[in-house]
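First comes the structure, then the notes that go with it.
There are 2 protein chains.
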Amino acid sequence: MLKALIERYAREGQPVGSRTLAREAGLDLSPATIRNVLSDLEELGFVQSPHTSAGRVPTVQGYRFFVDTLLSVQPLESGAFEEIRAQLDIDTTAKDLLESATGLLSGITQLAGVVTLPKHEHPVFRRVEFLPLSERRVLAILVTSEGEVQNRIVHTERECSPGELQQASNYLSELFTGKELADVRNTLLREMQEARSTMNQMMLTAMHMADQVLERNSNEDFIMSGQTNLMGFQELCDIERLRKLFDAFNQKREILNLLDQCVHGEGIQIFIGEESGYQTLDECSMVTAPYQVDGEVVGVLGVIGPTRMAYERVIPIVDATARLLGAALKQKE
Amino acid sequence: MLKALIERYAREGQPVGSRTLAREAGLDLSPATIRNVLSDLEELGFVQSPHTSAGRVPTVQGYRFFVDTLLSVQPLESGAFEEIRAQLDIDTTAKDLLESATGLLSGITQLAGVVTLPKHEHPVFRRVEFLPLSERRVLAILVTSEGEVQNRIVHTERECSPGELQQASNYLSELFTGKELADVRNTLLREMQEARSTMNQMMLTAMHMADQVLERNSNEDFIMSGQTNLMGFQELCDIERLRKLFDAFNQKREILNLLDQCVHGEGIQIFIGEESGYQTLDECSMVTAPYQVDGEVVGVLGVIGPTRMAYERVIPIVDATARLLGAALKQKE
DNA sequence: TCTGGCACTCTAAAGAGGAGAGTGCCAATC
DNA sequence: GATTGGCACTCTCCTCTTTAGAGTGCCAGA
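Chain order of the listed sequences is A and B.
Number 301 in the numbering used here belongs to position 301 of the first sequence; there are no gaps in the numbering.
Number 1284 in the numbering used here belongs to position 284 of the second sequence; there are no gaps in the numbering.
What follows is the structure, encoded as structure tokens:
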């Protein structure tokens, strides 16, 4: 009953009345009976009517109950699974892969897709390289165990010969190869305070770069796509609301907090409406799944849409994408 | 007269009538006189009324005339100039710099800001480096004259020793250092067809990376910010229109074409409404300025907003930002 | 326990009327 | 001849009213 109501509401976005339900739900009950049941559901707080003579609309509690207990997840159409795999199999960089993943999520579900950058547990220093560019400009390149590369231009106090630079990079590389980046950072910091080494400038840069890698690994960012899909839903069509929502997407902070919560939870996580705790997302739900490489969770992906999204359809898509993205990332390794 | 009308319309966004104009424009003329003048302007195609008894609204031609001949650009408040400089002076990567620039543009003008990535005329091969990651995975790093760094993971057919990899990178580096990247690409292509060298895999990668650098240098991308600012204008408040606009922003292609046109033009360029030739931008104007490093144009930046934006205020801001960005980028060099 | 019937309520759509803003034109004025 | 005040006219937008329709709650009967 609740299920039928929710499904109907998800499709139409309109309050649904006893009559419609009687016709659609294949339950062979008269509208009057249904009215009684609806009345009960209203007392339980699962549905509510916007005003006396409108139909009923599911509440957040209603959705929660629906999702937790009576949701029958549709198996993914076999075609779709293969399609996702195909799209994710293309031989590109990890970043492109993540972008395909969001693109797929938003494309298939017609909602907004979101993927966090994969984090690596303990990035290890691997190599640092200094290349002379011109006079006092030096290009510094830092490579970590994960094959991540950072680069930056340094201005040195005096001109350095290629030999000197080579020496510097050899020195640092020898000293730190295999050490955890966090340690490298600390050691450099200490050493710089003790002895004002001639390589200060470069060590400073190396530290900055280490910081940057570390920061990126603490899940500092996500990729999003298909935001415009959300403009299609009347319940979000209020410009003011839409603007706040998009601002939140750009701000990233709130969304990131939410996504972070999803990393810890096992498997699919669903935030319905105000459950997220962020007012801007009141009318929205978020369905997420962590993705793993080698059995270890490295990120989260999911979709954001109106509360009345078709959960039974979205969930398997998110789930499959998470698995396939994990697999694809592993191949990249 | 036209000027007064346009300025008033820019502020209020409402059709403006003879009465209002008489009061505001400090011209000391009666509404009736003004009506006569407006009638003339209408015949010239500079204004038009949405319906018989509404005020007049400037047409695209009106704006064009306004911008071309009677616009008096306000000098930038001295504070603003310094503020922009301060924001752009922060010591960060080139990419962050561009992001501050768009952020500034959109923040100050309350419109959407856009900046293309700077292109470099003839990138020159500088160095390629292959680092072993694990068994048959190799990290390839390509450095060009501009200090641009590309990296990618290669799967080799068999395990290569660090020595071998070193040799390979030395070989390629010696062969190509100082050559233009486009040439490198072609040479590699030719050589790969002639002799199926053992380093095929790596050469292929080197070529891919060269392609990527070349592509990026043909101005393939831009950064945007403040899109949500556009939601504040009633004339764009139609959801359908807004959606198309945002889709166009995400698509990037149309916007890129426009921006490309602006690189070639000297100085500030303004597209008003349909002048852009893209329907989605019909209600919008774009004000752009190329930015230069060492006297050479390397990119474009600007703002996108409704046709009724305050050109006299926006233009100096765009202009100043372009100059300051150029200067800041030069310091980076 | 389910159902049909009935009175009641509330919204959304459609129509009517009036206020207000603006126009065009004309004859009078400086 | 440029400018002005006056006046009739035409729109839109807002408000008010009315009405149709959908849905409810409740009750008596199967």
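We put the CB at the ideal spot given by N, CA and C, even for glycine.
Please list the partners that residue i has in chain B, where partner means a Cβ-to-Cβ separation under 8 Å.
i      : result
N170/A : The contacting residues do not exist; N170/A stays about 13 Å from chain B at best.
R253/A : Per Cβ cutoff of 8 Å: no residues; R253/A is ~15 Å from chain B at best.
T228/A : R1243, F1246, D1247, N1250
Just list the residues that DSSP pairs residue i with in beta bridges.
i       : result
L1301/B : V1115/B, A1289/B
T144/A  : F125/A
N1151/B : I1141/B
F271/A  : M286/A
V37/A   : Partner(s): none; V37/A has no beta bridge.
M1001/B : Its beta-bridge partners do not exist; DSSP assigns none.
I1223/B : V1115/B
V1047/B : P1058/B
P1306/B : C1284/B
E945/B  : Outside the displayed range of chain B (1001 to 1333) lies residue 945/B, so it cannot be described from this structure.
V263/A  : Bridge partners of V263/A: none, in fact.
For the beta strand (DSSP E) holding residue i, just list the boundary residues, first then last.
i      : result
P132/A : 125–134
At a CB-CB cut-off below 7 Å, which residues of chain A make contact with residue i?
i       : result
D1282/B : Within 7 Å Cβ-Cβ: nothing; D1282/B doesn't reach chain A, min ~18 Å.
T1177/B : Within 7 Å Cβ-Cβ: nothing; T1177/B doesn't reach chain A, min ~11 Å.
L1139/B : V143, G147
For the alpha helix (DSSP H) holding residue i, just list the boundary residues, first then last.
i       : result
Q1251/B : 1239–1251
S169/A  : 162–176
G295/A  : Where G295/A is concerned, there is no enclosing alpha helix (DSSP H), given that its DSSP letter is neither H nor E.
S1106/B : 1094–1109
A77/A   : Before going on, a small fix: residue 77/A reads as Glu here, not Ala. Per DSSP, E77/A belongs to no alpha helix (DSSP H) and is neither H nor E.
A22/A   : 18–24
Hey, would you say residue i sits closer than 8 Å to residue j, going by beta carbons?
i       : j       : result
K1179/B : F1125/B : yes
Y1278/B : E1240/B : no
K1119/B : G1299/B : yes
L97/A   : A328/A  : yes
L236/A  : P306/A  : yes
L335/A  : I317/A  : Since the first residue of chain A shown is 1 and the last is 333, residue 335/A is not available in this structure.
H1084/B : L1104/B : Reading off the sequence shown, one finds Ile at residue 1084/B, where the question assumed His. Yes, Cβ-Cβ distance for I1084/B and L1104/B is below 8 Å.
R1313/B : Q1074/B : yes
R1136/B : R1158/B : yes
A1004/B : A1032/B : no
G1326/B : V1293/B : yes
S1100/B : L1117/B : no
S161/A  : R127/A  : no
M286/A  : L258/A  : yes
F1065/B : F1081/B : no
G273/A  : D282/A  : yes
R1017/B : G1062/B : The question names Arg, yet the displayed sequence has Gly at residue 1017/B. Not in contact: G1017/B and G1062/B (Cβ atoms no closer than 8 Å).
L1021/B : I1006/B : no
T1156/B : V1138/B : yes
G13/A   : F176/A  : no
I1270/B : V1067/B : yes
Could you list which residues in chain A have their beta carbon closer than 8 Å to that of residue i, in chain order?
i       : result
M1231/B : I239, L242, R243, F246
Anything in chain A within Cβ reach of residue i, meaning under 9 Å, just list it in chain order.
i       : result
L1301/B : Those within 9 Å of L1301/B in chain A number zero; the least Cβ separation is about 19 Å.
Could you tell me which chain B residues have their CB closer than 7 Å to the CB of residue i, listed as they occur along the chain?
i      : result
T144/A : In chain order: nothing, as chain B lies at least about 10 Å away.
R127/A : L1131
L117/A : In chain order: nothing, as chain B lies at least about 16 Å away.
Residues of chain B with CB under 9 Å from residue i, in chain order?
i      : result
L104/A : Simply none; closest approach about 15 Å.
Q. Mind listing which residues of the segment 1255–1288 of chain B have their C-beta closer than 8 Å to chain A's C-betas, in chain order?
A. none
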